[in-house]
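In this note's numbering, the protein residues as written are 3 to 718.
Where a beta carbon is used, it is the ideal one built from N, C-alpha and C, also for glycine.
Scroll down for the structure; my scribbles are underneath it.
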Ligand SMILES: Nc1nc2c(c(=O)[nH]1)N[C@H]1C(S)=C(S)[C@@H](COP(=O)(O)OP(=O)(O)OC[C@H]3O[C@@H](n4cnc5c(=O)[nH]c(N)nc54)[C@H](O)[C@@H]3O)O[C@H]1N2
Ligand SMILES: Nc1nc2c(c(=O)[nH]1)N[C@H]1C(S)=C(S)[C@@H](COP(=O)(O)OP(=O)(O)OC[C@H]3O[C@@H](n4cnc5c(=O)[nH]c(N)nc54)[C@H](O)[C@@H]3O)O[C@H]1N2
Ligand code: SF4
Ligand SMILES: [Mo]
């Protein structure tokens with residue numbers, strides 16, 4: 003009975019969302035036949051969601067590419083890399099590095115290659131045209147934290163397990179499982195707040211599942227959170243509800259800025275009564291501990307950076323910054339935690355060629371990628387590398403970007419699917435599946451609501467003839483560096499030697515690991531705050547608990563003053579713009595997005611278990627608006643914005659507030675030339691045909707994906 007003897011359990015961190023749950027995988031021979039929550043996991047304690055449970059089906063998906071493609075045909079790895087060389091080198095040699103753009107998608111935050119091999123890829127390319135999913139996501143939070151704390155990666159997270167009062171704006175963790183706050187079983191942690199006598203309040207234009215479970219749900223007009231938060235700040239000052247900690251500069255300046263934002267002045271724009279705003283301020287101040295937590299709905303809006311900043315202004319003014327139960331700074335095992343230079347932080351080290359948009363964290367806004375491809379002249383983008391991204395479905399005015407990609411001289415994608423974006427690629431380099439690569443969460447362990455560390459080695463042996471994603475990125479880097487025939491092993495060694503400069507020489511021969519990524523991780527752990535080793539993580543397959551978050555101020559601040567800068571000049575200037583916009587005419591109908599537990603952005607609709615059931619890509623509309631527009635449930639509606647137009651199926655529901663319609667993103671799987679046979683049976687429509695690439699949050703360059711003015715009528 004050889005088959006039965008090979009059945010075993012392997013433990014592995016789920017790479018599908020930020021929650022970082024531990025999975026217990028049933029492995030039968032070379033297949034994962036089941037995925038359950040790992041009950042002994044130190045952080046997730048057995049929690050799993052429907053996406054994590056499909057881990058094996060995702061790996062087995064017949065449409066997942068098992069070999070590279072050159073011009074749509076399966077090819078050998080050598081031929082594929084030769085084609086990349088033939089496509090990229092002439093562009094680089096004729097036009098220079100800026101002619102080659104790089105787009106980095108979300109799963110780079112979920113792979114070790116993304117953490118370890120993408121930064122050197124960016125450096126080797128040396129192009130100003132680096133883009134990522136960050137500018138359709140969380141860039142505003144990086145910018146506000148960069149200005150306040152001196153480092154855009156110092157993002158405080160709500161101390162969910164100890165807080166007494168949580169105010170959630172623009173997040174739906176019941177379905178998303180959280181973001182910029184790694185918290186396996188986020189719903190369970192919210193229920194625990196209530197169980198210990200605390201409360202949580204949700205501010206959202208839609209009655210989400212999170213809102214349903216909340217102690218209170220306040221509907222807000224899309225894009226109005228900055229007004230609401232400023233009015234709360236106004237009340238905190240006006241009623242002397244402050245509890246400002248040490249090491250904070252700029253408090254009087256913030257008071258002056260808040261003067262104009264009285265609850266009465268903003269109540270209409272927000273759609274929230276002035277009295278309720280006042281009470282919210284008092285509740286935040288009176289709670290023994292409180293945390294304000296904002297996510298997508300506070301970032302992907304016109305005043306995204308301002309809103310993200312105000313979240314932490316309130317956390318600071320109420321004494322909740324850096325204290326248990328408030329918002330705190332995690333300390334990950336691969337980071338040293340030692341104080342760095344107090345140099346401050348800035349944006350705009352260069353600007354985009356066509357629209358003059360400032361660089362932020364080494365990137366330009368993806369909302370301007372199409373401009374850079376389409377507009378002739380010096381520095382025009384002629385070639386594109388995408389790694390783990392599907393911008394044709396995930397970025398604004400994607401109809402335009404889709405057309406622009408068709409005009410490139412050359413495109414190469416590192417991606418396991420032939421999808422709406424990669425169908426434009428001359429070469430698709432398909433990485434090994436998740437069973438054949440190790441996993442450590444470089445990104446999300448720095449955002450975890452409790453400090454812990456976990457490493458999962460590959461579940462199945464690598465295929466020696468197939469490069470894994472680290473090798474693929476190493477080979478790409480070598481091609482970009484003009485050494486197309488270079489051995490990737492030399493590149494791996496080069497990275498290791500660089501990393502080892504941080505470790506005392508007498509420890510160099512202690513480094514272990516079967517793979518270059520493992521050795522780099524071992525170095526990072528050994529130089530890290532807890533002095534852990536790879537061996538220790540391998541010996542603890544359910545993770546190592548490193549305890550609740552600890553106060554870390556003022557040591558970790560990197561501002562020039564060494565203080566929390568509560569009133570950065572950039573945000574003070576932005577406040578004038580917010581005030582001026584108070585009198586702006588409000589649009590009758592605006593579009594917002596929506597996430598569903600069984601989706602993951604654009605790329606998991608090819609898993610049958612995740613798309614079964616009724617259609618999810620519907621246009622939700624309030625009964626009052628539906629009546630006015632002569633639309634009934636199930637009707638087809640024509641939705642038109644400045645950027646584009648589409649026909650969506652109507653779902654009449656009082657879950658959205660009047661004047662607001664909601665359509666999820668990541669759908670629209672009916673484009674020709676893809677290989678997504680399951681997704682194509684329930685294609686849905688691409689909401690980003692409607693979002694406008696010309697409207698951005700100016701400080702971060704982040705796209706505005708919520709609050710899009712639309713016109714709606716029955717489809718002809
Ligand atoms: N309207 C609207 N648009 C949005 C949003 C919204 O709320 N509303 N949300 C935005 C957000 S938050 C995000 S993060 C972006 C996401 O934007 P993107 O990152 O551009 O899109 P994804 O759908 O995440 O596509 C991920 C791609 O990575 C591939 N992939 C999966 N696993 C791997 C892997 O291990 N290695 C490699 N190399 N590739 C892999 C998939 O096949 C897919 O092509 O979308 C944004 N777009
Ligand atoms: N199931 C599932 N989980 C996911 C993903 C997924 O696609 N599906 N994507 C992952 C990714 S990449 C990310 S970044 C996270 C995102 O995690 P979340 O931010 O929790 O995700 P959303 O569900 O988009 O929540 C945004 C909420 O903001 C509301 N909103 C829209 N506009 C406004 C506004 O102006 N003000 C306020 N207050 N609210 C507004 C929306 O109605 C929505 O409920 O989720 C991650 N997890
Ligand atoms: S919540 Fe996220 S990490 Fe946990 S099982 Fe689901 S997809 Fe995976
Ligand atoms: Mo995201």
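My guess is that residue i and residue j are in contact by the Cβ rule of under 8 angstroms, so how many angstroms apart are they, rounded?
i	j	result
residue 436	residue 472	The pair is not a contact, with the Cβ atoms about 14 angstroms apart (cut-off 8 angstroms).
residue 266	residue 49	Actually they do not touch by this definition, with Cβ atoms about 44 angstroms apart.
residue 501	residue 490	So it is not a contact: roughly 16 angstroms between Cβ atoms.
residue 114	residue 439	7 angstroms
residue 299	residue 171	7 angstroms
residue 612	residue 52	7 angstroms
residue 690	residue 301	Wrong, their Cβ atoms sit about 16 angstroms apart, outside the cutoff.
residue 287	residue 243	4 angstroms
residue 89	residue 429	7 angstroms
residue 389	residue 416	4 angstroms
residue 177	residue 684	Not confirmed; about 18 angstroms, so no contact.
residue 308	residue 576	5 angstroms
residue 294	residue 223	With a Cβ gap of about 19 angstroms, residue 294 and residue 223 do not count as contacting.
residue 513	residue 495	Not really, about 12 angstroms apart at Cβ, beyond 8 angstroms.
residue 352	residue 130	5 angstroms
Checking 8 angstroms against the spacing of the C-beta atoms, do residue i and residue j come in under that value?
i	j	result
residue 319	residue 235	yes
residue 372	residue 406	yes
residue 225	residue 303	yes
residue 364	residue 132	yes
residue 233	residue 263	yes
residue 505	residue 535	no
residue 662	residue 592	yes
residue 128	residue 92	no
residue 385	residue 366	no
residue 72	residue 85	yes
residue 420	residue 604	no
residue 628	residue 652	yes
residue 669	residue 646	no
residue 361	residue 377	no
residue 39	residue 25	yes
residue 259	residue 574	yes
residue 431	residue 414	yes
residue 641	residue 648	yes
Could you name the residues of the same chain whose beta carbon sits closer than 7 angstroms to that of residue i, not counting the 5 residues immediately before and after it, in chain order?
i	result
residue 563	251
residue 710	592, 593, 643, 692, 693, 694
residue 337	448, 530, 531
Going by CA-CA distance only, name the one from the options that's closest to residue i.
i	options	result
residue 639	526, 632, 650, 630	650
residue 150	655, 82, 256	256
residue 555	102, 543, 341	341
residue 229	195, 254, 560, 268	268
residue 708	20, 514, 207	207
residue 62	213, 688, 87, 29	29
residue 392	589, 671, 221	671
residue 557	75, 249, 510	249
Just reading off the alpha helix (DSSP H) that residue i is part of, what are its end residues?
i	result
residue 143	141–151
residue 400	400–408
residue 497	490–502
residue 442	Looking at the DSSP string, residue 442 is not in any alpha helix (DSSP H), and its letter there is neither H nor E.
residue 234	227–240
residue 630	625–630
residue 58	57–62
Under 8 angstroms Cβ to Cβ from residue i, same chain only, skipping five residues before and after it: list those, please.
i	result
residue 550	161, 163, 164, 326, 452, 453
residue 4	Residue placement at residue 4 is poorly supported in this model, since its pLDDT is 47, which falls under 50; the coordinates are not used for a value here.
residue 22	15, 16, 45, 46, 184, 186, 443, 446, 447, 450, 456
residue 284	237, 241, 243
residue 678	65, 419, 420, 421, 607, 608, 671
Suppose the cutoff is 6 angstroms on Cβ atoms and the five residues either side in sequence are ignored; what does the same chain contact list for residue i look like?
i	result
residue 369	398, 695, 698, 705
residue 66	418
For the beta strand (DSSP E) containing residue i, list its first residue and its last residue.
i	result
residue 387	385–389
residue 203	201–205
If you measure from the CB of residue i, is any heavy atom of ligand 6 nearer than 7 angstroms?
i	result
residue 399	Ligands in the displayed structure: ligand 1, ligand 2, ligand 3 and ligand 4; ligand 6 is not one of them.
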